[in-house]
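Input: a single structure, listed below in structure tokens.
Chains as they are written, first to last, in full-length UniProt numbering: chain A, 1 to 319; chain B, 1 to 319; chain C, 1 to 319; chain D, 1 to 319; chain E, 1 to 319; chain F, 1 to 319.
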């Protein structure tokens with residue numbers, strides 16, 4: 001079996017099928033049009049330039065299609081880039097389909113949905129349980145495939161669900177150490193905190209922000225949704241307000257998008273758990289390709305740091 | 001007619017009825033209990049200390065009661081303070097009632113409500129008009145007496161309504177100069193932007209933040225209310241989203257409580273109009289007592305500046 | 001009549017005369033020289049690149065000359081750019097002159113000067129009036145054509161005058177609502193606040209900062225000018241100091257160039273009026289080309305925001 | 001058994017023995033001397049003032065002695081304070097000793113030392129294990145009783161050890177979820193990160209910063225210690241450098257005392273684990289006394305927030 | 001000869017004449033009036049409280065008079081304070097006069113003026129020399145006694161002159177090491193940079209900011225003065241502009257009061273020299289009283305740091 | 001003798017030998033490989049691009065070799081760049097060697113070492129002297145050729161030594177003016193403060209950060225070295241701690257890399273002296289090429305300012 005695109009080192013040759021996730025036209029400094037392609041397979045993504053294109057090329061290499069590409073991975077200002085030597089579009093003869101080339105979560109979608117369901121099932125507080133279940137059911141379909149972001153972390157099919165399940169496991173482990181934490185509240189906070197990403201983002205393919213996402217954002221949308229759910233279910237009581245506060249405050253600071261900071265124990269913990277899972281996801285993907293004794297690419301979302309892999313750490317697995 | 005408490009200079013004697021808006025017990029550095037009183041009449045407020053109190057005093061000088069007080073206005077670290085020389089509680093014989101001693105807006109409440117109604121009546125866009133009217137009617141009673149804040153600006157009975165009417169006049173004048181502004185949107189934004197202060201604050205007497213106010217804040221509450229209003233009225237379309245955005249962004253920056261900055265022309269203008277009216281209210285009240293050629297008390301909410309009244313400006317009116 | 005360059009959408013063809021406001025030589029990444037051209041007509045400006053130029057081209061396409069250009073408007077990293085397909089210099093045969101291609105204020109210069117004169121005429125305080133009139137007369141010629149800035153807002157012929165007249169109208173409207181404002185002081189502040197831009201900037205064509213502008217700045221230069229004017233006119237009294245303070249503080253904060261923050265009521269209002277007019281000018285020009293339902297280019301001077309035009313707003317006029 | 005001082009509500013009477021952890025002389029605003037006492041028992045600490053003291057009082061109520069005190073818990077500017085009604089020194093007749101009144105960790109010291117030893121025993125990497133064990137042995141005595149800070153969190157006898165053990169448990173749980181983490185490195189980082197607090201702080205009674213603590217700080221001292229340990233043990237290799245980096249970067253940012261940010265996966269995780277345990281400790285102690293439906297005192301070290309205990313949460317245990 | 005007030009340690013008795021530099025009435029927390037006195041002799045200043053004063057006391061212990069005081073130096077929240085045990089006003093019999101009790105520069109005024117004159121005399125550039133000499137002559141009288149500030153550094157009689165002479169010596173030494181520096185420009189910058197303090201401050205006794213000082217500040221006033229001087233002397237040329245820039249930029253950043261940062265080599269050096277002399281003055285005065293092995297009071301103007309005097313450094317001289 | 005590369009103006013031709021300090025491969029926007037060369041001679045450095053290279057070119061124009069180059073100095077976005085017209089490698093026939101083309105300090109290395117030795121010889125405090133001498137001897141060889149940085153200032157052979165000697169002269173001059181300064185401490189601080197750059201940087205040719213440099217930094221490494229030196233020499237006493245503090249705090253603020261701010265008089269002065277010498281070095285090199293009446297390139301490390309050379313200043317020397 002072939003090695004995925006994510007695992008190619010600088011200097012390695014590439015001869016494989018890749019999905020064009022996104023194709024954008026530009027004008028080179030010599031005045032000629034070119035395409036910037038975001039190419040992917042299951043394992044990840046890489047950027048490439050297609051220079052000196054004809055109008056036919058533009059009409060052929062469209063977002064959402066699969067091409068066969070030969071080339072070489074190169075270094076461009078500290079980032080990997082694929083230099084294309086040959087490219088051809090695919091036909092039915094090639095027997096490839098776009099969905100097989102989208103990066104997606106490393107776990108099975110239905111298994112993860114089942115796991116979330118179990119956490120909801122175990123809740124003791126009926127109000128929290130009913131609101132969470134209601135919203136989970138309402139958005140389940142989009143929720144099960146949505147990425148958690150357009151870039152930075154969990155930006156793949158089912159990324160949101162994978163992020164939530166990892167956070168639930170963290171929540172379970174940590175609340176076993178700090179018994180004052182209200183597990184129901186914390187689990188509900190985890191399940192709901194990013195749920196409105198299904199409205200803020202346009203879905204798993206060519207993900208971008210919706211108008212509602214830009215003008216309101218997923219935090220405000222979700223607070224609305226909780227209000228509406230409580231109304232529909234006829235639920236009153238402070239649980240509604242507190243769940244809204246958990247969602248509202250999970251980015252922790254005004255300048256990061258939360259109009260109120262966490263003012264409840266579980267709200268503070270929700271923010272810290274979110275942080276851990278996002279950062280571990282970024283670090284794992286960044287250090288995956290780095291050899292022991294070397295520094296990684298810069299990670300913009302982590303203060304632009306370049307991370308080091310100690311010489312006494314394992315080499316990356318050669319797939 | 002007697003001069004109001006707001007207009008007393010340092011060194012002037014006081015011999016009048018005053019409402020105890022707020023009484024708070026403390027322990028002096030000699031170990032004895034004392035009361036910190038916030039005293040007010042129609043014209044404003046002043047702080048006073050009642051030293052060496054007995055348990056009976058504590059039971060007598062309660063928040064919400066009117067007392068007769070003799071004393072002198074003094075300077076305490078650059079702020080005015082009333083030194084009490086004699087104080088007695090009032091009885092029915094005194095023929096005074098608390099409501100007559102609360103500072104309130106300089107304009108008639110019903111007249112102002114009428115003026116807002118007229119602005120709504122003039123709107124062209126039916127969706128914007130119906131949502132605004134619906135919410136105005138729903139909260140009209142509390143809206144008509146609520147202060148706009150607990151301190152800093154418009155912190156008096158009907159302060160919120162007075163602030164809104166002043167902003168509507170500004171909006172009308174300014175939109176006559178910049179014809180690209182959508183008047184309907186701007187007026188609706190003005191009327192709705194702070195409306196949820198009726199839920200965030202506890203009302204005009206002894207005003208404080210509610211739990212909902214502290215955990216969600218008036219901006220988020222109001223965005224919820226617009227959603228609910230649109231649902232109840234069966235209104236769809238981008239107007240709902242845009243009105244929510246105007247409310248959401250009116251504090252302009254994340255660190256000031258707006259999770260999204262203004263991204264629509266009228267949202268930017270709403271923020272600037274809000275700013276002008278709040279600052280002019282603070283400046284007028286601050287400079288009111290200042291003599292030409294002197295500097296004012298420091299104004300905390302305006303970067304702690306101390307403002308100067310030029311010698312060629314009018315003296316304050318001696319009431 | 002032909003549509004101006006400001007109104008061309010991405011993808012539209014161009015076949016017209018344009019002024020080369022500025023031509024700058026650069027070296028492309030293939031090592032060959034090219035020109036970056038800022039092209040304009042009355043309606044606005046667009047950037048273009050002229051690739052692979054010869055020494056003759058360099059000597060031909062000079063700043064301040066008019067060329068005939070064929071090409072297409074394209075998108076370059078979210079900004080509009082004109083792709084030149086054919087360009088030729090003009091001769092006397094073309095009957096075009098540079099001045100007709102400079103963007104300028106939408107109102108008649110003399111009419112605006114007249115309007116400023118009227119505001120000065122109406123002042124009650126003789127000292128303020130005399131200083132303002134003296135400086136207005138002294139700089140009238142340059143003042144009537146100067147742009148208000150090299151970029152961002154009012155960066156066109158008579159932009160400074162247009163900005164001042166708009167602010168005077170705002171000042172008039174707002175001071176009718178807040179009667180504590182001293183109209184004389186506010187009007188004088190508006191007229192004088194940016195007047196030293198005539199010394200800070202090099203004039204309407206190929207505008208750049210002068211050495212004096214870079215080492216002292218228009219604020220300090222203008223404070224000097226007021227001092228000098230008062231000396232020449234033999235005027236003493238606090239009005240001189242207060243006018244200097246208004247100019248000195250109109251950028252509001254040290255990090256924005258004002259060594260003192262506004263400490264006088266009218267100084268605070270001057271800053272807010274300046275802000276409103278600058279932002280409305282930027283917003284109008286930015287949203288002018290945007291279709292309903294779309295986001296604008298990013299506006300650097302407004303925190304790099306991209307603004308939205310609601311779907312229920314008018315389409316831009318098709319000229 | 002009597003309720004501890006930590007659990008007294010505002011208004012409750014006190015009649016008990018308390019340790020004077022710290023006694024500081026001051027001059028009241030009436031010119032008379034007084035003592036500010038920090039009083040404690042096993043459960044916590046409270047401040048009190050002793051007014052109008054004589055020279056004998058000063059010589060009697062010394063730091064480190066136990067007194068018998070009657071009084072009442074009162075509110076002073078939002079903080080609890082004990083109003084002393086009667087106080088007498090104790091003699092051998094009272095059969096009390098200071099050590100029994102120092103707040104200390106809720107777990108047995110030797111049990112915790114044993115637990116740390118087990119974590120060291122389980123390490124696979126011999127270099128990491130030897131350095132950690134060496135330093136743990138070297139400082140074990142002071143380490144076992146040192147507080148983790150002078151205030152804010154874990155500021156009690158064995159607070160440092162308790163903090164380290166909690167973090168080890170967190171590290172174990174979290175690394176079971178993220179298998180890319182190097183457990184040896186993470187455990188060693190946890191054990192060593194604050195170890196130099198034994199040199200930075202003066203010990204568990206009347207804790208203050210040493211001169212070395214003020215001029216170098218525990219981070220720099222510990223990096224030195226690791227260097228020295230490696231030299232003494234004759235250990236070479238990148239493990240030494242990486243352990244130093246973990247200690248050096250555990251405050252995460254320059255302005256928080258770390259000259260380098262975390263640049264290794266385990267360094268980032270160490271910082272996050274430290275953060276979780278410190279914050280949970282502060283939250284637990286703060287919310288311990290708060291009744292459901294009320295807000296806590298402000299917590300300075302957590303951005304001065306005041307936290308809310310939901311009405312549907314358990315009441316605090318009445319001891 | 002008696003030891004000056006600056007050199008008294010905590011706990012030492014005082015029995016001496018002191019000048020009341022400033023007397024301010026306040027109300028104690030027991031409701032009684034008291035005086036806050038700033039007392040000084042040649043060596044420095046100390047604060048004291050006079051409790052429970054009568055109206056006669058108020059009329060007796062006025063600013064600008066000398067009293068005979070017995071008391072003790074005490075610690076008040078980390079600052080020294082004089083506890084007054086006995087105080088009496090002085091009469092002609094005491095043969096003391098206020099001027100002898102004002103702290104002043106450690107060097108002779110006329111000698112220092114002579115030294116400045118010599119630096120001016122040595123200048124090569126006639127334009128710079130003439131402007132500097134003109135302004136030095138014009139303000140010489142006030143300049144020779146003015147403090148350099150109201151607090152923080154050089155806040156004593158002739159403090160400004162002493163600061164300037166020290167900076168001239170620094171300038172001379174440093175420019176001998178960096179020959180690219182223009183000595184004339186640097187010396188002129190030193191002499192002029194703070195000269196307008198003579199207008200910004202009210203003089204050496206009870207120093208406070210003037211209205212002009214508050215509304216314009218010494219930087220802007222001095223730039224005006226240079227302009228005026230050049231006009232009067234008929235001097236043209238870039239020297240005038242450059243001298244204005246040096247004064248304008250000497251605080252280095254907008255938020256510190258300089259609308260332009262240093263853009264000329266000598267402007268940058270001027271800022272650094274100013275910084276060195278101000279900080280050394282603060283450090284010397286702060287560490288003067290500190291014993292080896294101890295930390296100083298906090299120095300607000302130096303980021304609130306508390307400085308350490310090493311044990312191997314000399315003890316302060318016992319006068 | 002030929003003019004060095006540092007002194008060529010924009011537009012001047014070049015025909016000379018140059019060292020390739022650094023050659024880096026890139027991909028141009030037309031897809032072809034190119035080399036970015038950093039070329040130097042004794043006087044300085046210039047960047048150049050070699051377009052459209054063959055594999056042979058890559059193998060020929062290696063870092064550390066000398067080539068003969070013809071070309072022209074051009075302006076690229078405000079920075080100088082060398083446009084290469086012809087390039088050929090050198091052979092033994094050319095009689096050139098790389099070392100002769102490295103920019104280096106303007107003073108003789110051995111003379112400077114001698115000067116440092118003299119400062120150490122003159123120290124009075126034996127502990128300070130012995131530690132300083134020990135470390136100076138230990139690192140003398142690398143210390144004598146190391147640059148002080150990879151860019152910004154003193155980035156040439158022996159740059160560190162040159163920087164230290166300049167600072168010693170400053171320290172001597174300044175401490176003659178402020179007699180409270182401990183000369184021994186200050187000199188030792190100067191000599192040691194950046195000494196660990198010999199471990200943080202990889203040496204004078206193709207200078208880059210080492211792993212130790214990235215993970216610990218020269219400040220922490222040097223504090224370790226002082227500890228070790230004191231141990232080896234058997235020196236105890238506060239001098240060791242204080243020297244460590246001087247090194248630790250010399251960047252002054254946490255965000256600039258110092259975990260403790262200067263808390264000792266000499267530490268504050270060390271920071272200021274370091275600042276002066278670094279800035280004068282940057283200014284001299286920047287203004288060296290600037291003609292009177294013009295502004296320099298922007299200096300990134302000095303807040304990105306562009307500096308002005310007055311018209312009345314000398315022209316740069318034409319070598």
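Built from N, CA and C at the ideal position, the CB exists for glycine as well.
- Using a 10 angstroms sphere on the CB of residue 300 (chain D), the tally of other CB atoms stays under 16, which defines it as exposed.
- Taking one beta carbon from each stretch, the segment 122 to 141 of chain A and the segment 182 to 192 of chain A have 3 or more pairs nearer than 8 Å; the two touch.
- The contact set of residue 95 (chain F) on chain C, defined by CB atoms closer than 9 Å, is empty, because the minimum CB distance reaches about 31 Å.
- Under DSSP, residue 79 (chain C) forms a beta bridge with C:76.
- By the C-beta density criterion, residue 54 (chain B) is exposed, having fewer than 16 other C-beta atoms within 10 angstroms.
- Cβ-Cβ distances below 6 Å link residue 150 (chain C) to 207 in the same chain, with the five nearest sequence neighbours on each side left out; the list follows chain order.
- Residue 277 (chain C) is classed as buried because its beta carbon has at least 16 other beta carbons within 10 Å across all chains shown.
- Annotated three-state conformation of residue 130 (chain A) is helix, per DSSP.
- Counting only unbroken stretches of 4 or more residues, the alpha helix (DSSP H) elements lying wholly within the segment 61 to 123 of chain F are 109 to 121, in sequence order.
- Note on the UniProt domain "HD" (163 to 279) of chain F: whole alpha helix (DSSP H) runs with a minimum of 4 residues are 183 to 192, 197 to 200, 211 to 215, 217 to 233, 238 to 248, in chain order.
- Per DSSP, residue 136 (chain B) has no beta bridge partner at all.
- If you draw a straight line from the Cα of residue 106 (chain F) to the Cα of residue 99 (chain F), it is about 15 Å long.
- Comparing alpha carbon positions, the residue from C:18, C:46, C:76 closest to residue 95 (chain C) is C:18.
- One finds 74, 76, 81, 83 in chain E with Cβ atoms closer than 8 Å to the Cβ of residue 27 (chain D), taken in chain order.
- Separation of residue 302 (chain B) and residue 163 (chain C) (C-alpha to C-alpha, rounded to the nearest whole angstrom) is 27 Å.
- Taking a C-beta cut-off of 8 Å against chain A, the contacting residues of the UniProt domain "HD" (163 to 279) of chain F are 211, 214, 215, listed in chain order.
- A Cβ-Cβ distance of about 17 Å is found for the pair residue 5 (chain B) and residue 61 (chain B), leaving them out of contact under the 8 Å criterion.
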